[in-house]
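If you use this note's numbering, the sequence shown closes out at 449, no skipped numbers anywhere.
The block underneath contains the structure these notes are about, expressed in structure tokens.
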Amino acid sequence: MSCRYEAHARKTGRIFAKSFVYSTVLLFVFQWPNIGLHQIYEAVFSAIDGKYWFITIYIVIYLFHPYINACLNNLSEHQYKQMMMLQFILWIVVPGIFQFDIGVGTSMIPYGLMMYSIGAYFRIHPLIFHHRKLLIGMFFTIVILRICLYYMSDKEIISSKISQTLENQLGSVQSITMYVLSILFFAFFLTTNIKPARILPEISKTSLGVYLLHNNEFLKNFIWIDLFNNPDRINEPCLLPLMLAETAVVYISCSFVDWIFDKCFNFHKRNKHKG
Numbered sequence: 175m176s177c178r179y180e181a182h183a184r185k186t187g188r189i190f191a192k193s194f195v196y197s198t199v200l201l202f203v204f205q206w207p208n209i210g211l212h213q214i215y216e217a218v219f220s221a222i223d224g225k226y227w228f229i230t231i232y233i234v235i236y237l238f239h240p241y242i243n244a245c246l247n248n249l250s251e252h253q254y255k256q257m258m259m260l261q262f263i264l265w266i267v268v269p270g271i272f273q274f275d276i277g278v279g280t281s282m283i284p285y286g287l288m289m290y291s292i293g294a295y296f297r298i299h300p301l302i303f304h305h306r307k308l309l310i311g312m313f314f315t316i317v318i319l320r321i322c323l324y325y326m327s328d329k330e331i332i333s334s335k336i337s338q339t340l341e342n343q344l345g346s347v348q349s350i351t352m353y354v355l356s357i358l359f360f361a362f363f364l365t366t367n368i369k370p371a372r373i374l375p376e377i378s379k380t381s382l383g384v385y386l387l388h389n390n391e392f393l394k395n396f397i398w399i400d401l402f403n404n405p406d407r408i409n410e411p412c413l414l415p416l417m418l419a420e421t422a423v424v425y426i427s428c429s430f431v432d433w434i435f436d437k438c439f440n441f442h443k444r445n446k447h448k449g
């Protein structure tokens, strides 16, 4: 177990190094020479100060997962379901009803643990489900529902008060739709035999790098506001297919940058071991 934990600790260090390099480089590219000490601090510790809330959760789970798994494995199926129901009420239902945001950063750690426990539940208590077409249909139905919600809100088809309520209930990260989409993702991939087996881990690793790059506040604003000029094209009839194409371009471009980082990192690591 200690060898596996050391391997996970090394991967955590790599993620920390990657977030540090991306945040620092992009800070100097977009903000030089108007850079303050506080901005440098945020860039250096972006992986743990909550700025990249997803990475903060990822690192916490990566470091503590042996202990989390030990606790989850010792729960009976009935206790496990009770725990998931309590998590659902605290982190999905309550924020939706009372219309408050649980925030981002370190405050999202319990939300991340909830999602991790859902995935672990399907591993510990395997799901027997053969209707993958139904899963796919449900997934796209919820996606279309979210798109329609954003459209009606933007076009002011519904009142601002109703729009805000629906946004909390259906559109935010802590919404019911996101919760259901997560379960559908888990169910689909656990009931689908994807070959070769390396595909999903590679996509996951690449997507993490894309997230680190794209979610940087400077690069994100440059891409969607300065480069693609999306705010001024909000009323274009072909906006949705254009944004899908732009998303593909952004994903491929960020993937290429992340691939270069990994190659450089591995090259440095090999030379260090030789030395």
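We put the beta carbon where it would ideally sit given N, CA and C, even for glycine.
Margin query: Just to confirm the assignment, what range does the alpha helix (DSSP H) spanning Ser-220 have?
Written below: That residue, Ser-220, is in no alpha helix (DSSP H); it is neither H nor E in DSSP.
Check: So Thr-230 is in the alpha helix (DSSP H); what residue range does that whole segment cover?
Finding: 227 to 247
Check: Rounded to a whole number of angstroms, what is the C-alpha to C-alpha distance between Trp-265 and Val-203?
Finding: 38 Å
Notebook entry, point to check: Going straight from the alpha carbon of Phe-296 to that of Gln-253, what length do you get?
Noted result: 14 Å
Notebook entry, point to check: In terms of residue numbering, what span does the alpha helix (DSSP H) encompassing Thr-380 cover?
Noted result: 373 to 388
Notebook entry, point to check: Going by beta carbon distance, what residues of the same chain come within less than 7 Å of Arg-184, once the five residues before and after it are set aside?
Noted result: none
Notebook entry, point to check: With a Cβ-Cβ cutoff of 9 Å, do Leu-246 and Ala-294 count as a contact?
Noted result: yes
Next item on the list: Would you kindly work out how many angstroms separate the C-alpha atoms of Leu-200 and Lys-192, rounded to a whole number?
Entry: 12 Å
Check: Apart from the five residues just before and just after Met-312, which ones in its own chain have a Cβ nearer than 7 Å to its Cβ?
Finding: Leu-358
Next item on the list: Keeping to the same chain, check which residues put their C-beta closer than 7 Å to that of Glu-251; ignore five residues upstream and five downstream.
Entry: His-299
Next item on the list: Would you decide whether Asn-165 is buried or exposed? Buried here means 16 or more other CB atoms lie within 10 Å of its CB.
Entry: The chain is shown from 175 up to 449; residue 165 falls before or after that span and cannot be answered.
Checklist line | At least three beta-carbon pairs within less than 8 Å, the stretch 421 to 435 to the stretch 230 to 244 | finding: no
Checklist line | Contact between the stretch 379 to 395 and the stretch 428 to 445 (3+ Cβ pairs under 8 Å) | finding: yes
Check: alpha helix (DSSP H) containing Thr-366: first to last residue?
Finding: No alpha helix (DSSP H) holds Thr-366; DSSP gives it neither H nor E.
Next item on the list: Tell me, to the nearest whole angstrom, how far the beta carbon of Leu-364 is from that of Ile-316; I am working on the premise that it is less than 8 Å.
Entry: Actually they are not in contact, since the Cβ atoms of Leu-364 and Ile-316 sit about 18 Å apart, beyond 8 Å.
Margin query: Between the alpha carbons of Lys-225 and Glu-216, how many angstroms are there, rounded?
Written below: 8 Å
Margin query: Quick check on Pro-269: buried or exposed, where buried means 16 or more other Cβ atoms within 10 Å of its Cβ?
Written below: buried
Next item on the list: Would you kindly report the start and end of the unbroken alpha helix (DSSP H) that includes Met-259?
Entry: 251 to 262
Item checked: Buried/exposed call for Trp-227, threshold 16 Cβ in 10 Å -> buried
Margin query: Between the alpha carbons of Phe-362 and Ala-419, how many angstroms are there, rounded?
Written below: 25 Å
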